[in-house]
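K.L.:
Numbering (this note's numbering), first residue to last: 1340 to 1698.
Ideal Cβ positions, reconstructed from N, Cα and C, are used throughout, including at glycine.
Values in this document were obtained by computation on a predicted structure and should not be read as measured data.
Attaching a single structure in structure tokens format; questions to follow.
Encoded structure:
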């Protein structure tokens, strides 16, 4: 099963060729220059963290680190240019800010809390690249014949081309390619029946759980952890921790968690063609920010890796009563749901006021 999955993930180029953004942001030098000009703060952070990484793992890894940094620059600039603040197709949630939430937020938190040595040297590079690569593509047509989402498979194809471009070899570095591809695949959210519009990425993300545990179960083939070969054991650990990084908004300070919910519902409404200042968006936004949030937080989400639970578990537990309180107060403010004339924006503003109130 492992070989079949890996081979399929590394053979997606013909299904998902380069799009206009990939062609436009075509080389590392171009991406690095854009990063220096538009986000010099990120360029400085990359250099600082890179030096800390070498201090922890040794100067002999400098060439490998340089490859990873080149890939980070290229993938980040494409994120910003395709669906982010540098482009013309802004997605409020799946943009470069989400990549930074993982890269400079949650992954940095794990490093600072647990130390570099909690993971292998290359694992840190893989997780950093996961942050900037897992949502590269967001406009692919849904394909119900695959458990792994079309957006994720397209992102895998582009990620592999990025790795090619910065000097990784699909033969010599096959384990690196496979690990990163599996991590991205595992970030797929299952499209459950509650998701009415499967072409809407934001809708799907509110309707199912991470695919990573299912893929891990397939890779393990009912074998216990101690019976796995080292390569498969590594893949499973990375897939589960990457999934936790992607969904650890539940453990953010509550205002940040509420803000992520707002960005996601803004993206969902935009993808559905409903204006936030129109009455038609009021009920869908209200449902998303009350019952949708409760379902995601209490039913669908769970930390699936020991590291994820260790780093983020307390944060989620602290947010549990706040999610319950906010939903209760939202229903008190909008008894029976929004009234005629109220809009999705009215609902969002009330939601954010309550988030500020509870702190």
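May I ask you to report which of helix, strand or coil DSSP gives residue 1666?
P.N.:
Walking along the chain shown from the start, residue 1666 turns up at place 327. It is helical.
K.L.:
Taking a contact to mean a Cβ-Cβ separation below 8 Å, would you say residue 1445 touches residue 1584 in this structure?
P.N.:
Within the chain shown, residue 1445 is the residue found at index 106, counting from 1. Within the chain shown, residue 1584 is the residue found at index 245, counting from 1. Yes, Cβ-Cβ distance for residue 1445 and residue 1584 is below 8 Å.
K.L.:
Among all the DSSP beta bridges, which residues are the ones paired with residue 1549?
P.N.:
Taking the first residue of the chain shown as 1, we reach residue 1549 at position 210. Partner(s): 1528.
K.L.:
Which value, in whole angstroms, describes the spacing of the CA atoms of residue 1573 and residue 1580?
P.N.:
Within the chain shown, residue 1573 is the residue found at index 234, counting from 1. Within the chain shown, residue 1580 is the residue found at index 241, counting from 1. About 11 Å.
K.L.:
Take residue 1646 as the anchor and find which of 1627, 1395 and 1454 has the nearest alpha-carbon.
P.N.:
One-based indexing of the chain shown puts residue 1646 at position 307. Residue 1454 is the option with its Cα nearest to residue 1646.
K.L.:
Rank 1475, 1615 and 1368 by C-alpha distance to the C-alpha of residue 1683 and give the top, closest one.
P.N.:
Translated into positions along the chain shown, residue 1683 becomes position 344. Comparing Cα positions, the closest option is 1615.
K.L.:
Would you kindly report the start and end of the unbroken alpha helix (DSSP H) that includes residue 1735?
P.N.:
Residue numbering for the chain in the displayed model covers 1340 to 1698; residue 1735 lies beyond these limits and cannot be assessed.
K.L.:
Just to confirm, is the Cβ distance from residue 1479 to residue 1605 under 8 Å?
P.N.:
As a position in the chain shown, residue 1479 is number 140, starting the count at 1. As a position in the chain shown, residue 1605 is number 266, starting the count at 1. Result no, Cβ atoms of residue 1479 and residue 1605 do not sit closer than 8 Å.
K.L.:
Using the beta-carbon count (16 or more within 10 Å), is residue 1405 buried or exposed?
P.N.:
Against the chain shown, residue 1405 aligns to sequence position 66. With fewer than 16 Cβ atoms within 10 Å of its Cβ, residue 1405 is classed as exposed.
K.L.:
Around the Cβ of residue 1678, are there at least 16 other Cβ atoms within 10 angstroms (buried) or fewer (exposed)?
P.N.:
Taking the first residue of the chain shown as position 1, residue 1678 is located at position 339. Its Cβ having fewer than 16 others within 10 Å, residue 1678 is exposed.
K.L.:
Residue 1391 by DSSP, collapsed to three states: which one?
P.N.:
Numbered from its first residue, the chain shown carries residue 1391 at position 52. Reduced to three states, the DSSP call for residue 1391 is helix.
K.L.:
So within the region 1420-1492, which uninterrupted alpha helix (DSSP H) runs reach at least 4 residues, ignoring any that extend past its ends?
P.N.:
Runs of the alpha helix (DSSP H) inside the region 1420-1492: 1435-1439, 1446-1453 and 1460-1472.
K.L.:
Please report how far the alpha carbon of residue 1696 lies from the alpha carbon of residue 1622, in whole angstroms.
P.N.:
As a working mapping, residue 1696 is identified with position 357 in the chain shown. As a working mapping, residue 1622 is identified with position 283 in the chain shown. Each residue's alpha carbon lies about 23 Å from the other.
K.L.:
Which of the three DSSP states, helix, strand or coil, is assigned to residue 1554?
P.N.:
As a working note, residue 1554 is residue 215 in the chain shown. DSSP places residue 1554 in helix when its eight states are reduced to three.
K.L.:
Thinking just about the alpha-carbon of each residue, which of 1680, 1353, 1660 and 1362 is nearest to the one in residue 1504?
P.N.:
Taking the chain shown and counting its residues from 1, one reaches residue 1504 at position 165. Comparing Cα-Cα distances from residue 1504 to each of 1680, 1353, 1660 and 1362, the minimum goes to 1362.
K.L.:
If we count Cβ pairs, one from each stretch, closer than 8 Å, do we get three or more for the region 1494-1512 versus the region 1392-1412?
P.N.:
The answer is yes - the region 1392-1412 touches the region 1494-1512, with three or more Cβ pairs under 8 Å.
K.L.:
Is it true that the region 1421-1439 meets the region 1447-1464, where meeting means three or more beta-carbon pairs spaced less than 8 Å apart?
P.N.:
Output reads no: the region 1447-1464 does not touch the region 1421-1439.
K.L.:
Does DSSP classify residue 1357 as helix, strand or coil?
P.N.:
Position 18 of the chain shown, counting from 1, holds the residue named residue 1357. Note: residue 1357 maps to coil in three-state DSSP.
K.L.:
Use the C-beta contact count for residue 1637: other C-beta atoms within 10 angstroms, 16 or more gives buried, fewer gives exposed.
P.N.:
In the chain shown, residue 1637 corresponds to position 298, counting from 1. Label assigned to residue 1637: exposed.
K.L.:
DSSP state of residue 1590, grouped into three classes?
P.N.:
As a position in the chain shown, residue 1590 is number 251, starting the count at 1. Reduced to three states, the DSSP call for residue 1590 is helix.
K.L.:
Please go through the same chain and pick out, in chain order, the residues whose beta-carbon is closer than 8 Å to the beta-carbon of residue 1559, but skip the five residues on each side of it.
P.N.:
Counting from one through the chain shown, the residue named residue 1559 turns up at place 220. Here the set comprises 1567, 1571 and 1575.
K.L.:
Considering residue 1688, what are the terminal residues of the alpha helix (DSSP H) in which it resides?
P.N.:
What you label residue 1688 is simply residue 349 of the chain shown in a count that begins at 1. 1683-1697 is the span of the alpha helix (DSSP H), which, as asked, contains residue 1688.
K.L.:
Taking C-alpha atoms, which residue in 1360, 1675, 1633 and 1651 lies nearest to residue 1476?
P.N.:
Taking the chain shown and counting its residues from 1, the one referred to as residue 1476 is at position 137. Checked all of 1360, 1675, 1633 and 1651; the closest Cα to residue 1476 is 1360.
K.L.:
Whether or not the region 1598-1613 and the region 1655-1675 are in contact is what I'm after, with contact meaning three or more pairs of Cβ atoms, one per stretch, closer than 8 Å; do they touch?
P.N.:
Segments in contact, no.
K.L.:
By Cβ distance below 6 Å, which residues in the same chain neighbour residue 1518 in space, the five residues on each side in sequence not counted?
P.N.:
Position 179 of the chain shown, counted from the start, is the residue given in the question as residue 1518. Closer than 6 Å at the Cβ level, and outside the excluded window around residue 1518, lie 1465, 1574 and 1577.
K.L.:
Quick check: the Cα distance between residue 1394 and residue 1442, rounded to an integer number of angstroms?
P.N.:
Translated into the one-based positions of the chain shown, residue 1394 becomes position 55. Translated into the one-based positions of the chain shown, residue 1442 becomes position 103. Looking at the two C-alpha atoms, the distance is approximately 19 Å.
K.L.:
Would you tell me roughly how many angstroms separate the C-alpha atoms of residue 1597 and residue 1488, rounded to the nearest one?
P.N.:
Position 258 of the chain shown, counted from the start, is the residue given in the question as residue 1597. Position 149 of the chain shown, counted from the start, is the residue given in the question as residue 1488. In a straight line, the C-alpha of residue 1597 is about 26 Å away from that of residue 1488.
K.L.:
Less than 6 Å between C-beta atoms, sequence neighbours within five positions excluded: which residues of the same chain meet that for residue 1520?
P.N.:
Here residue 1520 is taken as the residue at index 181 of the chain shown, counted from 1. If we look at residue 1520 and ignore the five residues flanking it on each side, its Cβ neighbours are 1348 and 1495.
K.L.:
Output needed for residue 1690: all residues of its chain with C-beta closer than 7 Å, excluding positions within five of it in sequence on either side, in chain order.
P.N.:
Locating residue 1690 in the chain shown gives position 351, counting from the first residue. Result list for residue 1690: 1597, 1601, 1628 and 1669, in chain order.
K.L.:
Using the three-state DSSP reduction, which class does residue 1639 fall into: helix, strand or coil?
P.N.:
Here the question's residue 1639 lines up with position 300 in the chain shown. The answer is helix: DSSP assigns residue 1639 an H, G or I state.
K.L.:
Reducing DSSP to helix, strand and coil, say where residue 1615 ends up.
P.N.:
In the chain shown, counting from the first residue as 1, residue 1615 sits at position 276. Here residue 1615 sits in coil by DSSP.
K.L.:
Under 8 Å Cβ to Cβ from residue 1351, same chain only, skipping five residues before and after it: list those, please.
P.N.:
Here residue 1351 refers to the residue found at position 12 when the chain shown is read from its first residue. The answer, listed in chain order, is 1492, 1493, 1495, 1496 and 1499.
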